[in-house]
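Below is one structure, written out as C-alpha cells; comments come after it.
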Amino acid sequence: MANIQSMEHTGSLGRLPSLKTALAAITGVMMLVDLYLIFMVAPTDSVLGHVQRVFYFHVPIAIMSFLAFFVVFIGSLMFLIKRTPKWDAIAHASAEVGVVFVTLALITGIIWARPIWNTWWTWEPRLTTTLILWLIYVAYLMVRSYAPSQSKGAIYAAVVGIIGFIDVPIVYYSVVWWRSIHPSPVVGPFAQADALDGTMAWILLYSFITFLFFFAYMVAERMELRKTEEALGRIRFTLRRKGR
Amino acid sequence: MTGLLGPIMVIVWKDVLLELRSRDLVVSVVVFGLLVVVVFNFALNNTPGRSEELAPGILWSAFAFAAVLAMNRAFVRDQEQGGLEGLLISPVSRDAIFLGKALTSLIFMLLVEAALLPIYAVMLDFSALSWMLILTIFLGTLGFAVVGTLFSAIAVQTRSREIMLPILFFPVLLPVIIAAVEATTRAVGGETFIGLGRWLPLIGVFDALFLVICPWVFRFVVEE
Amino acid sequence: MLDLILLSSHLPSSNLPYLFSAFAVSWVVLFGYLFYVNRRQHEMKKEIARLQKVLEDDQPEG
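Protein chains in written order, with our numbering: chain B, 2 to 245; chain X, 72 to 295; chain F, 9 to 70.
Structure follows, in C-alpha cells:
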C-alpha cells in the first residue's frame with residue numbers, strides 16, 4: 002500500500018518508469034528468495050506432504066486479491082468525490098491486476114483441493130467469498146467496457162467498486178453462518194493458515210510481502226499503459242479535429 | 072422529510088398506475104415465476120419427500136430471477152419513453168427519484184410474489200401463510216429492489232443491458248438469497264422470530280446499509 | 009477418523025504433479041499478464057509515433 006501512495010506523488014511520466022523498474026527489481030529478488038524459502042527451507046508437512054507448499058503461493062495471492070479490491074474501493078470512493086482521473090486510474094489498474102490475482106487464487110485453490118480432499122471445489126466460506134469477489138471484479142470491468150463512454154464507464158465502475166466492497170464482508174459472514182448449518186468435512190486451503198507454527202508462519206508472511214511488491218509493480222505497469230492509452234487518445238482526437 | 076415524501080409518492084403513483092393499466096409486465100413476470108418453479112422442480116428432482124427441503128430454495132430462485140427480469144424491463148421502458156430524463160430536468164432531488172423508483176419496484180415485486188405464493192404453496196406443498204414468512208419475503212424483496220434499482224439504472228445505459236443486470240445483481244445479493252432461504256425454511260416450519268436466528272437481522276442490516284448507500288451513489292449514475 | 013483413513017490412501021509424493029501445476033500456472037498467469045501489458049504498451053507507442061509523424065507532415069500545409 003505504501004508503494005501505491007508514493008506512486009501518487011510522482012507528478013510526471015518521467016518518474017514513473019524508474020519507480021516501476023525499482024519495483025520490478027525488488028520483486029524479482031524477493032521472489033527468488035521466496036522460492037528458495039518455499040522449497041528449501043519450509044518443512045515438509047507430515048500429513049499432506051510436499052503438495053502443501055502450494056499454500057505459500059495460494060494464501061498470499063488470495064489475501065492480495067482482497068487487498069487489491071480495497072484499493073479499488075478507495076480509488077472509486079475518492080474518484081466519485083474528487084473526480085481527478087488519477088483516482089480512477091488507480092482503481093482501474095488495481096481492478097485489472099486484482100482480477101488476475103483472484104483468478105489465480107481460485108485456480109491454485111482448486112489445484113490444492115483436489116489432492117488433499119479428492120474434490121475440485123469446496124463451498125468453504127473463504128473460497129466461496131473469493132469466487133464472489135471474482136464475479137464482482139468481472140462485473141466491475143464489464144461495466145467499464147460496456148458503458149456508453151469512457152467517463153460514464155469510470156463512474157459506473159466506481160459505483161460497482163463501492164457497492165461490491167461493502168458487500169464482500171456480508172457475503173463472507175452469510176456463508177460462514179450457512180456453513181455452520183450445513184457442515185462438511187472438507188476444508189479449504191485457508192483453514193491451514195489458522196493452524197500455523199514457527200517457520201511456516203514467517204515464510205508465509207515473507208511470501209505475502211513478496212506478492213505485495215509484485216502487485217505494486219503490476220499496478221505500476223498497468224498505470225503506465227493507461228498513460229500511453231490517454232496519449233494515444235489525445236493524438237487521435239487532434240488528428241480527427243484536423244480532418245484526418 | 073415531507074419534501075422528500077411528496078415527490079416519491081408522485082413517482083410511485085405514476086409508475087404503478089402505468090403498470091396496472093397495461094398489465095403486460097405483471098402478467099409476464101408472474102408467468103415467468105411459474106416457469107422457473109416448473110423447471111427447477113424437474114432439474115432438482117423434486118419428489119414429495121424432498122419438497123420440504125427444496126421448496127424455499129426454489130421459491131427464492133424464482134423470486135430472484137423474476138425480480139431481475141422485472142427491473143430490467145421497467146427501466147428499459149422508462150428509457151424508451153424518456154421518463155427518467157423528464158424527472159432529471161425537474162427540480163426533484165435525486166434521492167427522491169431513486170427511492171421512488173425503488174419503492175415502485177418493491178410494490179411491483181410484492182404484488183407478483185403475492186400472486187405466486189398460493190400457487191407455490193400448492194406446487195411445492197408447504198403451508199403458506201405465517202407472519203414470519205411474510206416478513207422474510209418483504210425484507211428480502213426490499214433488498215432486491217434497493218440494489219436492483221441502482222444496478223438497473225447503470226445496466227440500462229450499457230451496451231449489453233439484459234446481461235449486465237444479472238451479472239451485477241446476483242453476486243451482490245447472494246447473502247440476501249442465502250439468508251432468505253434459511254429464514255423461509257424455518258418460517259414455514261412454524262418458527263417464531265427468535266427461532267429464525269440471525270437470518271432476518273442479516274437481511275435487515277443489508278437493507279439498512281444499502282438504503283443509505285444506494286441513493287447516495289445514484290446521483291453520480293444519472294448525472295450528465 | 010474417516011478422513012484420516014481417506015488421507016492415507018493418498019501418498020504424499022504422488023501429489024507432486026499438483027504442486028508443479030500450481031506453481032506453473034501461477035507463473036504463466038502472472039507473466040502472461042505482464043507480457044500482455046508490455047505488448048499493448050509497445051504497439052500503442054508505435055501507433056503514437058506513426059500518428060505523430062502524420063501530424064508533423066501536416067504542419068507545413070496546416
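Beta carbons are placed, not taken as given, at the ideal position from N, Cα and C, and that holds for glycine. Bear in mind the structure is a predicted one, so any value in this text is a computation, not a measurement.
Within 10 Å of its beta-carbon, does residue 211 of chain X have 16 or more other beta-carbons around it, so buried, or fewer, so exposed? With at least 16 other beta carbons inside 10 angstroms of its own, residue 211 of chain X counts as buried.
So what does DSSP say about residue 196 of chain X, is it helix, strand or coil? In the structure shown, residue 196 of chain X falls within a coil segment according to DSSP collapsed to helix, strand and coil.
Using a beta-carbon distance cut-off of less than 7 Å, what residues from the segment 90–108 of chain B approach chain X? In summary, no residue of the segment 90–108 of chain B has a CB separated from any CB of chain X by less than 7 Å.
Ordered along the chain, which non-local residues of its own chain (more than five positions away) have a Cβ less than 7 Å from that of residue 59 of chain B? Here the set comprises 106, 109, 110, 113, 190.
Would you check if the distance between the CB atom of residue 100 of chain B and the CB atom of residue 157 of chain B is smaller than 8 Å? At a Cβ-Cβ threshold of 8 Å, residue 100 of chain B and residue 157 of chain B do not count as neighbours.
Which residues, in order along the segment 253–275 of chain X, keep a beta-carbon less than 9 Å from a beta-carbon of chain B? The segment 253–275 of chain X vs chain B, Cβ under 9 Å: 253, 268, 269, 270, 273.
Suppose the cutoff is 7 Å on Cβ atoms and the five residues either side in sequence are ignored; what does the same chain contact list for residue 159 of chain X look like? If we look at residue 159 of chain X and ignore the five residues flanking it on each side, its Cβ neighbours are 293.
I'd like to confirm the pairing. Which residues does DSSP put opposite residue 50 of chain B in its beta bridges? Looking at the DSSP output, residue 50 of chain B sits in a beta bridge with B/46.
Can you give me the start and stop residues for the alpha helix (DSSP H) that residue 204 of chain B sits inside? It spans 199–242 - the alpha helix (DSSP H) in which residue 204 of chain B sits, taken as one unbroken run.
Minimum C-alpha distance to residue 275 of chain X - residue among X/148, X/244, X/77: Answer by Cα proximity: X/244.
Proximity winner among X/110, X/94, X/176, X/264, relative to residue 195 of chain X (alpha-carbon distances): The shortest C-alpha separation from residue 195 of chain X is found at X/110.
For residue 148 of chain B, three-class secondary structure by DSSP: In the structure shown, residue 148 of chain B sits in coil (DSSP, three-state: anything other than H, G, I, E or B).
Name, please, each residue of chain B whose Cβ falls closer than 9 Å to the Cβ of residue 64 of chain F. Counting only Cβ-Cβ distances below 9 Å, residue 64 of chain F has no contacts in chain B at all, with the closest Cβ about 11 Å away.
For the segment 237–249 of chain X, enumerate the residues whose C-beta is nearer than 7 Å to any C-beta of chain B, in chain order. Within the segment 237–249 of chain X, the qualifying residues are 238, 239, 242, 243, 245, 246, 249.
Chain X contacts made by the segment 200–227 of chain B, where a contact means CB separation under 9 Å: So nothing in the stretch comes that close.
Within 10 angstroms of its Cβ, does residue 150 of chain B collect 16 or more other Cβ (buried), or is it exposed? Burial call: exposed.
Step through the CB atoms of chain X and report whether any lies within less than 8 Å of the CB of residue 14 of chain B. With a pLDDT of 47 at residue 14 of chain B, under the threshold of 50, the modelled position of this residue cannot be trusted; read the value that follows with caution. In terms of beta-carbon proximity, residue 14 of chain B stays away from the interface with chain X, with every pair separated by 8 Å or more.
Throw me the rounded Cβ distance for the residue 95 of chain B and residue 163 of chain B pair, which I believe falls under 8 Å. Contact between residue 95 of chain B and residue 163 of chain B does not hold, since their C-beta atoms are separated by about 14 Å, which reaches or exceeds 8 Å.
Within 8 Å (strictly less), CB to CB, does residue 231 of chain X reach chain C? No chain C appears in this structure, whose protein chains are B, X and F.
Alpha helix (DSSP H) segment containing residue 161 of chain X, residue limits: Run containing residue 161 of chain X: none; DSSP gives neither H nor E here.
Proximity to residue 217 of chain X [Cα-Cα], best of X/85, X/84, X/166: Selected option, being the one with the closest Cα: X/166.
Assign residue 202 of chain B to one of two classes, buried (16 or more other C-beta atoms within 10 Å of its C-beta) or exposed (fewer than that). When all chains shown are included, residue 202 of chain B counts as exposed.
Whole angstroms are fine: how far does the CA of residue 232 of chain B sit from the CA of residue 66 of chain F? Rounded to whole angstroms, residue 66 of chain F to residue 232 of chain B spans 19 Å at the Cα level.
Reduced DSSP category for residue 184 of chain B - H, G, I as helix; E, B as strand; rest coil: Secondary structure at residue 184 of chain B: coil, using DSSP grouped into helix, strand and coil.
Can you tell me whether residue 115 of chain X is helix, strand or coil according to DSSP? Residue 115 of chain X: coil per DSSP, three-state reduction.
Looking at chain X, which residues of the segment 130–149 of chain B have a Cβ within less than 8 Å of any of its Cβ atoms? Those residues of the segment 130–149 of chain B that come within reach of chain X (Cβ to Cβ, closer than 8 Å) are 133, 136, 137, 139, 140, 143, 144, 147, 148, 149.
If I'm right that residue 303 of chain X touches residue 255 of chain X with Cβ under 8 Å, what's the distance once you round it to whole angstroms? Residue 303 of chain X is absent from the structure shown; chain X starts at 72 and stops at 295.
Do you know offhand how far residue 173 of chain X's Cα is from residue 37 of chain B's? The alpha-carbon atoms of residue 173 of chain X and residue 37 of chain B are separated by roughly 56 Å.
Short-range partners of chain X found in the segment 146–170 of chain B, where Cβ spacing is below 8 Å: For the segment 146–170 of chain B, the residues whose beta carbon sits under 8 Å from a beta carbon of chain X are, in order, 147, 148, 149, 153, 156, 157, 159, 160, 161, 163, 164, 165, 167, 168.
Are residue 269 of chain X and residue 178 of chain B close, meaning C-beta to C-beta below 8 Å? The answer is yes: Cβ separation under 8 Å.
I'd like the span of the alpha helix (DSSP H) that includes residue 64 of chain F, first residue to last. Secondary structure note for residue 64 of chain F: its alpha helix (DSSP H) is the uninterrupted segment 24–66.
Assign residue 150 of chain X to one of three DSSP states: helix, strand, or coil. The DSSP-derived three-state label of residue 150 of chain X is helix.
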